[in-house]
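Once you know that position 280 of the sequence shown is 280 in full-length UniProt numbering, the rest is easy, because the numbers rise by one and skip nothing.
Note that the Cβ used here is the ideal one computed from N, Cα and C, for glycine as well.
A quick write-up on the structure given underneath.
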Amino acid sequence: MGKQNQLIALVTWLQNEKAGSDHSSTLKPYRHAARWIPISVGPFVDINKAIHWGAAELNDDDPPAEMGPHDAVNYRMILSIFPGLDKALAAFKGDKNLIQPFARQITTAANSARAEDTSSCRRATPEYVLSSSSGDGDSLQNKSDRGWNNYHTARLLCPLKRLVEFDENPDLFMEHVTNKTIKIKASQWPSFLYPEDTVYDGENIDKGLFLSDLMLMFLRNILTGPSSAHQGMRMGTKQSKAEIHGMDRVFGRCVAYTAVQVYFALSSIEQWSSSAQDGHFKLDDFFSRCVGLFERDPKDPWVLDTLAHLTDALPSLKRSYQQKHKRSISSIFSDSSDEDETEAIHSQREARRLEHQKHSLASVHRHCRGRSSDEEDEGDEEELKQKFSDGEDESDEDALKQKSSDREDRSDEEDESDEDALKRESSDGEDESDEEVLKQ
């Protein structure tokens, strides 16, 4: 079916939606693309608002008052992985009787895909959690028995920063989290994100983040199927979800999506919702913070190294299938639990960049001083030869001492200048960091 005929068929079906006509072929390409939205854009995106924003924009209409810039951003992200969405919306010509049922179908398809992942992760949790530890898998079968009601899941949900505290008295810690005496928030990173036996380093919080074996198993489960969870290779011949959608490398949002699915699977939360919350821990906030670590500075070495490591850990992404649509896509009552580790990570990255700049600048100055010193030494030698030929032997030693003294004075001045330059460089970096914080 040609693209124009496809649009006509879509409009015709939407006009007669209530008649219950067969829409499997008409909506198939749109529902197919919609199923990739939770992974590539996010599980909490309001698709209905995003589509209405796009429709208003295409018709030069003002968007509804209740919508904001974030809806425009969501629309553009959806559009980037949704071939033909803009043409479909343009064909509706602002008719809400067409836009609303279309948005409803897209939302249903996206929610269905997310729910399938949630169900798969939920079933796999006992196996994955207990694969590296002893325990009774039956105790994790019921969702209500997970979270802070079970030692294994509670330890995984506990922020790495407070894991030593947890291990000192697990039952007491779990009790205080349950009665909300201890507030666990999304601003601190759960220990399930880190490799087992990782020791918390307050100066390097993102070291090992998202690289745990548990994260890898769930990431494989979602992207390349349950059969690839443990060893990485998909055994079946059927294309995986990642292959169907042309994904050949791991990207930040799919990592954030997986982290949310893992938290939900480990928790005792029974029902998924856009406002799902485990005590003080908000899942949508957790997702946004995970995304921020990858997208706030996408060229940061940590980002590049982490995504490369995760991609290598999913070899099934590289299977030789023809890809259809390849796209880029300390006290137990301490208030320290409120500390925002996300901002701490960004600050630590900024400090590492400044330190690298200082070392680079110092190296340049040392190189320049070395060249200047060599040139002066050559000049000294020529001058001494001239003096010897003129019979000025008695002044040679004094001349050498004077030259050496002059070079040391100049070197001291350059060192002071270098120090001032480094201070200015550091100050400029701090000013830029302050400006970024204010913007945030």
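Cα-Cα separation between residue i and residue j, rounded to whole angstroms
i                 : j              : result
threonine 153     : alanine 9      : 50 Å
lysine 28         : asparagine 111 : 15 Å
isoleucine 184    : histidine 70   : 27 Å
glutamine 6       : leucine 310    : 39 Å
glycine 42        : arginine 253   : 7 Å
cysteine 222      : serine 240     : Sequence check: residue 222 is isoleucine here, not cysteine. Roughly 9 Å between the two C-alpha positions.
leucine 157       : tryptophan 148 : 8 Å
serine 120        : proline 38     : 15 Å
phenylalanine 281 : alanine 72     : 27 Å
aspartate 340     : leucine 89     : 41 Å
valine 164        : methionine 174 : 13 Å
lysine 387        : arginine 352   : Here lysine 387 scores only 46 on pLDDT, less than 50, and its place in the model is too uncertain to base an answer on.
alanine 256       : leucine 85     : 25 Å
isoleucine 99     : histidine 32   : 18 Å
Residue burial classification, residue i (beta-carbon count within 10 angstroms, cutoff 16)
i              : result
cysteine 233   : Just to set this straight, residue 233 is methionine in the shown sequence, not cysteine. When all chains shown are included, methionine 233 counts as exposed.
alanine 65     : exposed
proline 301    : exposed
residue 441    : Beyond the ends of the chain as shown, which are 1 and 440, falls residue 441; an answer cannot be given.
glutamate 243  : buried
valine 199     : exposed
asparagine 150 : buried
serine 316     : buried
proline 298    : exposed
serine 131     : exposed
histidine 346  : buried
leucine 209    : buried
glutamine 4    : exposed
glycine 54     : buried
Residue i, DSSP secondary structure in three states
i                 : result
cysteine 254      : helix
aspartate 278     : strand
isoleucine 345    : helix
cysteine 158      : coil
histidine 245     : coil
serine 273        : coil
glycine 116       : According to the sequence displayed, residue 116 carries glutamate and not glycine. Glutamate 116 falls in the helix class under three-state DSSP.
tryptophan 302    : helix
asparagine 221    : helix
glycine 147       : helix
threonine 12      : helix
serine 288        : helix
phenylalanine 210 : coil
arginine 104      : helix
alanine 124       : helix
arginine 327      : Only weak support exists for where arginine 327 lies, its pLDDT of 42 falling under 50; the value from the coordinates is given anyway. In the structure shown, arginine 327 sits in coil (DSSP, three-state: anything other than H, G, I, E or B).
glutamate 350     : helix
Any C-beta of chain B under 8 Å from that of residue i
i          : result
serine 227 : No chain B is present in this structure, which holds just one protein chain.
Is the number of C-beta pairs between the stretch 53-64 and the stretch 259-274 that are closer than 8 Å three or more? no
Mind pulling the alpha helix (DSSP H) runs of 4 or more residues that sit fully within the stretch 160-196? 163-168, 170-178
Are the stretch 281-299 and the stretch 72-88 touching, with three or more C-beta to C-beta distances below 8 Å? no
Secondary structure, alpha helix (DSSP H): runs of 4+ residues fully inside the stretch 50-100: Note on the stretch 50-100: whole alpha helix (DSSP H) runs with a minimum of 4 residues are 69-80, 85-92, in chain order.
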